[in-house]
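Below: one structure, written as C-alpha cells.
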Ligand SMILES: Cc1cc2nc3c(=O)[nH]c(=O)nc-3n(C[C@H](O)[C@H](O)[C@H](O)COP(=O)(O)O)c2cc1C
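Here it is, written out as C-alpha cells:
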C-alpha cells in the first residue's frame, strides 16, 4: 500500500514536518506501512497558473505522479490565522481531480496553542468538491504541539495509531469502490 504524509507547512523546521516524521515512524513500527513524506517546505510548489509552470513543470508532473500512485493520504495541517495555510489549498488545486479521486485521507491538525479545529473544518467544508478526496470521519488535533511527542504514549498517540489503522482499512477497500465508480458515466457532473 502506498501512503503519503503531507507536511502542510512551508516553514523551515516546522512542527508539521516534525509530526509528519513521527507519523511515518509510528506507522512503520506499529502498522508495518511505510508512508512517504511530501513536504510543502522542501517541495516549494508554484502557485496554480493556467498559463503553465515553465521550469517548474517537472515539479508539477512529479507531484501528480506521486499522488496518483498513492492509495491514501495523511494531511498534517497547521492552523494559521484560523485557517488552512494557502499552500495546502494551492497543492489541492494543482493536483486537480485524478490523483485524489475517491481516495481516503486522514486530517491531522496542529496548533502551538489551543487551535486546530478551524483548519479541520475548512478542509472538510471546501476541498473535496472537485478533488473528490474522501476525508475519513476520524481526525486528530494536536494542541500545544511543541510539547507533544510520541514517547508520551498518551490519548492523542493512541488515537493516532487507531485512526491510521482505520485509514488503511479504508484504503484497502476503496480500490474496489474506485473500480466500480470508474464504470459510471458521471462526467456530466464533473469527474
Ligand atoms: C502565520 C501564522 C499564523 C498562525 N495563526 C495561528 C492561529 O490562528 N491559531 C493557532 O492556534 N496557532 C496559530 N499559529 C501558531 C501555529 O499553530 C504554530 O506556529 C505551529 O507550529 C505552526 O505550524 P508549523 O510549525 O508547521 O508551521 C500561527 C502561526 C503562523 C506562522
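Residue numbers (the working numbering): -5 to 185.
Glycine included, each C-beta is placed from N, C-alpha and C at the ideal position.
### Message
Give me the pocket residues for ligand 1, defined as CB within less than 6 Å of any heavy atom, sorted by chain position.
### Response
3, 5, 8, 9, 10, 72, 73, 74, 75, 76, 104, 105, 106, 107, 109 and 139
#### Entry: Nearest to residue -2 (by Cα), restricted to the options 57, 121 and 134
57
### Rounded C-alpha distance that separates residue 33 from residue 78
15 Å
### Query
From residue 137 to residue 174, what does the alpha carbon distance come to, in whole angstroms?
39 Å
### Cutoff 6 Å; reference residue 81; Cβ partners in own chain excluding five residues on either side
4 and 34
### Task
Pull up the distance between the alpha-carbon of residue 158 and that of residue 21, whole angstroms please.
7 Å
### Task
Take the Cβ of residue 176 as the centre, count every other Cβ of all protein chains shown within 10 Å, and call the residue buried at 16 or more, exposed below.
exposed
### Task
Give the DSSP-derived three-state secondary structure of residue 156 in the structure shown.
helix
### Query
Okay, do the region 23 to 33 and the region 94 to 105 touch, 3+ Cβ pairs below 8 Å being the bar?
no
### Query
When the Cα atoms are used, what is the spatial distance from residue 6 to residue 179?
45 Å
### Query
Which residues bound the beta strand (DSSP E) around residue 130?
128 to 136
### Message
Could you compute how far the alpha carbon of residue 155 sits from the alpha carbon of residue 50?
### Response
36 Å
### Query
Taking all protein chains shown into account, do 16 or more other C-beta atoms lie within 10 angstroms of the C-beta of residue 152, making it buried, or fewer, making it exposed?
exposed
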